[in-house]
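Asker: Sequence lines, in order, name chains A and B. For what it's worth, our numbering labels the leading residue of the first sequence as 25, then goes sequentially. For what it's worth, our numbering labels the leading residue of the second sequence as 11, then goes sequentially. For glycine and all other residues, C-beta sits at the position ideal for the given N, C-alpha and C. Predicted model, so just to flag it, every value in this text is computed and none were measured. Okay, handing you the structure first.
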Amino acid sequence: MSADSAPRAHHSDPAPGITPVVVRLKLSLLRNGLKQSAGRRAAYIGSAVAVLLFTALLLIGLIALRGHAHAASLVVLLVAVLAAGWAVMPLFFPGGDETLDPTRLVMLPLRPRPLVRALLAASLIGIGPLFTVCVLAGSVVSVAHGPVAYVVGVVGVVLALLMCVALARTVAVANVRLLTSRKGRDLAVLSGLVVAVGAQVVNFGVQRLGTSGLAQLDGPADVLQWVPPASAIGAADSASEGAYGTAALQLALTALAPAALIALWSRHLTRLMTAPDGSTLQAADTRSGERKSAGLSRLLPPGRTGTVMERSLRYVWRDPKTKAAWVTSLAIGLIVPVFNALQGTGSLYFACFAAGMLGVQMYNQFGQDTSAFWLVAMTISSTRDAYVELRARALALLVITLPYAVLVTVLTTALLDDWPKLPEVLGLSFALLGAMLATGAWTSARFPYSIPQEGYKNVAPGQAGLAFMAILGGMVSAALLCAPVIAGTIWLNVSDGGDRWSWLLLPVGAVYGAAITVGGLRLAAPRTARQLPEILLAVSKG
Amino acid sequence: MTSGAVTGSAAVRVRGLWKRFGQQVAVAGIDLDLPAGKFIGLVGPNGAGKTTTLSMVTGLLRPDQGSVEVVGHDVWRDPVEVKARIGVLPEGLRLFERLSGRELLAYSGRLRGLPGAEVDKRAAQLLDVLDLAGAQHKLVVDYSTGMRKKIGLATALLHNPEVLFLDEPFEGVDPVSAQTIRGVLERFTASGATIVFSSHVMELVESLCDWVAVMAAGRIRAQGTLAEVRGDAPSLQRAFLELVGAHSRDTGSHLDWLGGGTAR
């Protein structure tokens, strides 16, 4: 790094002191981590050995890849994934590296520029950077041919490593700012969901790759070879092919990225250490007006029904736990049927997944209220009140679920081009949705449990068995309740000329679903009205 | 021990009320007669069973045994009559925190079946009087403790109840908000309504209440007018300490090294 601002009174070191101090601090922290307990030491050494072995294997694999037709695409993607890993790591392990949290240094009289330099140097120590260097070096070896390519590669490796480290630091600092505000903590709850949905996408991606080969990678790699730090590998690859202009451009991009990141990080850092934290700023934040609410309430029915629906729908958007549950259901309800259809392996009946996933939201309705359920309990004084309350919650759910289930079913049908089956699958979806709402209402009254508001857990300690029983039992009962419609579908499909009558399943399924929902609500209402204090007790543990 | 023998105009009548949590007896068979139209304080040390008692009286917690009548109606047999007539501000339970203060009032008023226009009118006035008008569009989750108590009080008052139950309404509240709450409560009792509130701050109870019930270890130690319960003691604090048997602990001789500034 360049020696700048600091006065040159001491001829040897332009920034006396803090870089070595912080580096030594990092080393001490690593060493002290080992000292804490025998178990921890064993775990640390074990994982270090595992990582090193994995690194070695990966390195051998990468070198063996040399000369393979799609080697460049593969390693470019690999480096992009590695960088993504550096970006998300501080979000999930904020306590993993104590030097990552600059607020610990806030009381010390340090200037931003030397501090940035020192923290960056400290970041380069550890198993993570070692692993990264190995992967980067291996990647260069697998694509580079000729001395120029190797020179470009070595420069690229250094720049890419710097970028990874700066990326992690920038994200960590931005994260500290986020986590001190309520909005940020809400986001943290949602980030678990990104992983859940992302895993689904990756799963389907890998399946697809398995069926159609490495050539699939060329498309994304063509783009990623221009995105730092993967562009470092792109540069080495271009240099091997003699495209020196392209290589120079890619290398320049790779150099630009860490510079920009370090500038951004340093700005964030200065602000973080001099400005009040988010929780203080929150008080000054004033919201203006109720944006869409007035319009929303005008569309809803009057009385308790509309009031409860409005509150439920607001919570889908505003409450992080409810929002996370909904987004997961919506995403998985779409991904499973549509991705399967895209691969040609799917059946149209998978479209019922959407109805099933969204119906789950009816479960544990009162747990979603948390202990604020007392406000509801104070206004339920008869079975009728309880029935209207539960019905309104089911209606709020249907406002989203019904169009969504239809959309997913039609989309899946279009992808599979199997239009004659559309009515029966829709009918089946409606019946399933009705059964889920019915069992959901009943289990809400019979097996309520608390949803902790902080953290990733969706069940309060000690209530996991209850939650499991409610959801699993409810789903099995829902499937059983649907049995008549399922039986009808099978019968019409196997009998001669049954296809002519299969459209009947749409009205039959819809009516059956509606009837079963009303039945479930009627069964759940008296129990809810009788058990208000018990429900309140059960949902107040979070 | 005194008893308020005015059974005719009792706002709350409790007979033989018990609640156990496992081995722990939280409320051990209490009888209470709280007169209507009074500002009533339920006082006692932490863990005396005040919150448990108020939860059972308001129908939020099922008692193991005993009966509760509010304005002549049994809380468990006749919830329709009771729930419409009472307002509650519980301690330690959440509100719907992802609603704004104004939305919370609109929601709870409409849940109680009040006409929408009336709810909005009352909500606007309550927000104004409780000094929450500036924060009415902020989510309750971003409210401070004092603001939370005030919006909870507004929720409890919205349907103009006959009896108001407040569990520790001044706990953690700044002096300005406390004064606002106090003003609203005094205006409310002046109109003939009954307020029952729990607290462990004796000075507060002494200055606000005209009727007091003292609770300790799950039992009622005394109930009656302020003068009756205070008896000969110079203050309610002293009378209370004698009632709960906590007056004779001497801390004088043990910490004799404390103070003096010698720092050793």
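Helix, strand or coil for Asp43/B, going by three-state DSSP, please let me know.
Answerer: DSSP places Asp43/B in strand when its eight states are reduced to three.
Asker: So which residues on chain E does Pro100/B lean against when the C-beta distance must stay under 7 angstroms?
Answerer: In the structure shown, chain E does not exist; the protein chains are A and B.
Asker: By how many angstroms is the C-alpha of Glu558/A removed from the C-alpha of Gly391/A?
Answerer: Taking the straight line joining both Cα atoms gives about 12 angstroms.
Asker: How long is the line joining the alpha carbons of Ser255/A and Val73/A, rounded to whole angstroms?
Answerer: Going by the C-alpha atoms only, they are around 30 angstroms apart.
Asker: Do the segment 491–504 of chain A and the segment 514–522 of chain A meet, that is, are 3 or more Cβ pairs less than 8 angstroms apart?
Answerer: The answer is no - the segment 514–522 of chain A does not touch the segment 491–504 of chain A, with fewer than three Cβ pairs under 8 angstroms.
Asker: Quick check on Phe106/B - is its C-beta less than 7 angstroms from some C-beta in chain A?
Answerer: At least one chain A Cβ lies under 7 angstroms of Phe106/B.
Asker: Less than 7 angstroms between the beta carbons of Val222/B and Val239/B, yes or no?
Answerer: Result yes, Cβ atoms of Val222/B and Val239/B sit closer than 7 angstroms.
Asker: Just to confirm, are Gly180/A and Ala259/A a CB contact at a threshold of 7 angstroms?
Answerer: Taking 7 angstroms as the Cβ cut-off, Gly180/A and Ala259/A qualify as a contacting pair.
Asker: Looking at the strands, I want to know which residues DSSP matches up with Gly51/B.
Answerer: The partner list for Gly51/B (beta bridge, DSSP) reads Phe207/B and Val222/B.
Asker: Note down, in chain order, every chain B residue with its Cβ under 7 angstroms from the Cβ of Ala401/A.
Answerer: Simply Leu70.
Asker: Going by the CB atoms, is the gap between Trp466/A and Gly383/A shorter than 7 angstroms?
Answerer: Taking 7 angstroms as the Cβ cut-off, Gly383/A and Trp466/A do not qualify as a contacting pair.
Asker: Check whether the Cβ of Asp152/B lies closer than 6 angstroms to any heavy atom of the ligand PLP, and answer yes or no.
Answerer: What this structure holds is no ligand at all, so the ligand PLP is not there to describe.
Asker: If I'm right that Ser19/B touches Ala46/B with Cβ under 8 angstroms, what's the distance once you round it to whole angstroms?
Answerer: Between Ala46/B and Ser19/B the Cβ distance is about 5 angstroms, and since that is below 8 angstroms, they are a contact.
Asker: Could you tell me the alpha carbon to alpha carbon distance between Val157/A and Asn227/A, rounded to whole angstroms?
Answerer: Computed Cα separation, rounded: 27 angstroms.
Asker: Which residues, in chain order, does the segment 339–351 of chain A contribute to contact with chain B at a C-beta distance below 8 angstroms?
Answerer: Answer set for the segment 339–351 of chain A: Tyr339, Arg342 and Asp343.
Asker: Indicate the three-state DSSP secondary structure (helix, strand or coil) for Ser395/A in the structure shown.
Answerer: Ser395/A: helix per DSSP, three-state reduction.
Asker: Since Glu89/B meets chain A, which of its residues come closer than 9 angstroms, beta carbon to beta carbon?
Answerer: Position check: residue 89/B holds Pro in this sequence, whereas Glu was assumed. The contacting residues are Ile404, Ser405, Ser406, Ala553 and Leu556.
Asker: Helix, strand or coil for Val24/B, going by three-state DSSP, please let me know.
Answerer: Here Val24/B sits in strand by DSSP.
Asker: Can you list, in chain order, the residues of its chain with a C-beta nearer than 7 angstroms to that of Met157/B? Leave out the 5 residues immediately preceding and following it.
Answerer: Counting only Cβ-Cβ distances below 7 angstroms, and skipping sequence neighbours, we find Leu142 and Ala145.
Asker: DSSP on Tyr373/A, reduced to helix/strand/coil?
Answerer: Reduced to three states, the DSSP call for Tyr373/A is helix.
Asker: What do you get for Phe31/B, buried or exposed, if any count of 16 or more other CB atoms within 10 angstroms of its CB means buried?
Answerer: Burial call: exposed.
Asker: Distance check for Val230/A and Leu163/B, CA to CA, integer angstroms please.
Answerer: Each residue's alpha carbon lies about 57 angstroms from the other.
Asker: List the residues of chain A that Leu168/B touches, going by C-beta distances under 7 angstroms, in chain order.
Answerer: Going along chain A, no residue has its Cβ under 7 angstroms from Leu168/B, so there is no contact; the nearest lies around 11 angstroms.
Asker: From the DSSP output, which residues share a beta bridge with Phe31/B?
Answerer: Gln34/B, per the DSSP bridge assignment.
Asker: How far does the alpha helix (DSSP H) with Phe175/B in it reach, from first residue to last?
Answerer: Not the alpha helix (DSSP H): Phe175/B falls in the beta strand (DSSP E), residues Val173 to Asp177.
Asker: Taking just the CA atoms, how far does Leu144/A sit from Leu265/B?
Answerer: Those two C-alpha atoms are separated by around 52 angstroms.
Asker: Ala198/A bridges to which residues according to DSSP?
Answerer: In DSSP, Ala198/A forms no bridge with anything.
Asker: What residue range is occupied by the uninterrupted beta strand (DSSP E) comprising Ala232/B?
Answerer: That run of the beta strand (DSSP E) goes Arg229 to Thr235.
Asker: Here's a check: name, in chain order, each residue in its chain whose Cβ is nearer than 6 angstroms to the Cβ of Arg192/B, leaving out the five neighbours to either side.
Answerer: Nothing meets the Cβ criterion.
Asker: In terms of alpha-carbon separation, which member of Ile475/A, Ala80/A and Ser468/A lies closest to Ala348/A?
Answerer: When only C-alpha atoms are compared, the closest one is Ile475/A.
Asker: My output table needs one value for Val80/B: the three-state DSSP class, helix, strand or coil.
Answerer: Three-state DSSP puts Val80/B in a strand.
Asker: Does Thr156/A come within less than 7 angstroms of chain B when only Cβ atoms are used?
Answerer: So, not an interface residue.
Asker: In chain order, what residues of the same chain lie with their CB nearer than 8 angstroms to the CB of Val423/A, ignoring the 5 residues before and after it?
Answerer: Closer than 8 angstroms at Cβ, skipping near neighbours: Met333 and Leu337.
Asker: Among Thr194/A, Tyr473/A and Arg551/A, whose alpha-carbon lies nearest the alpha-carbon of Leu414/A?
Answerer: Among Thr194/A, Tyr473/A and Arg551/A, the Cα nearest to that of Leu414/A belongs to Arg551/A.
Asker: Would you say Arg132/B lies against chain A (beta-carbon separation less than 7 angstroms)?
Answerer: With 7 angstroms as the cut-off, Arg132/B does not count as an interface residue toward chain A.
Asker: Ile87/A by DSSP, collapsed to three states: which one?
Answerer: Ile87/A falls in the helix class under three-state DSSP.
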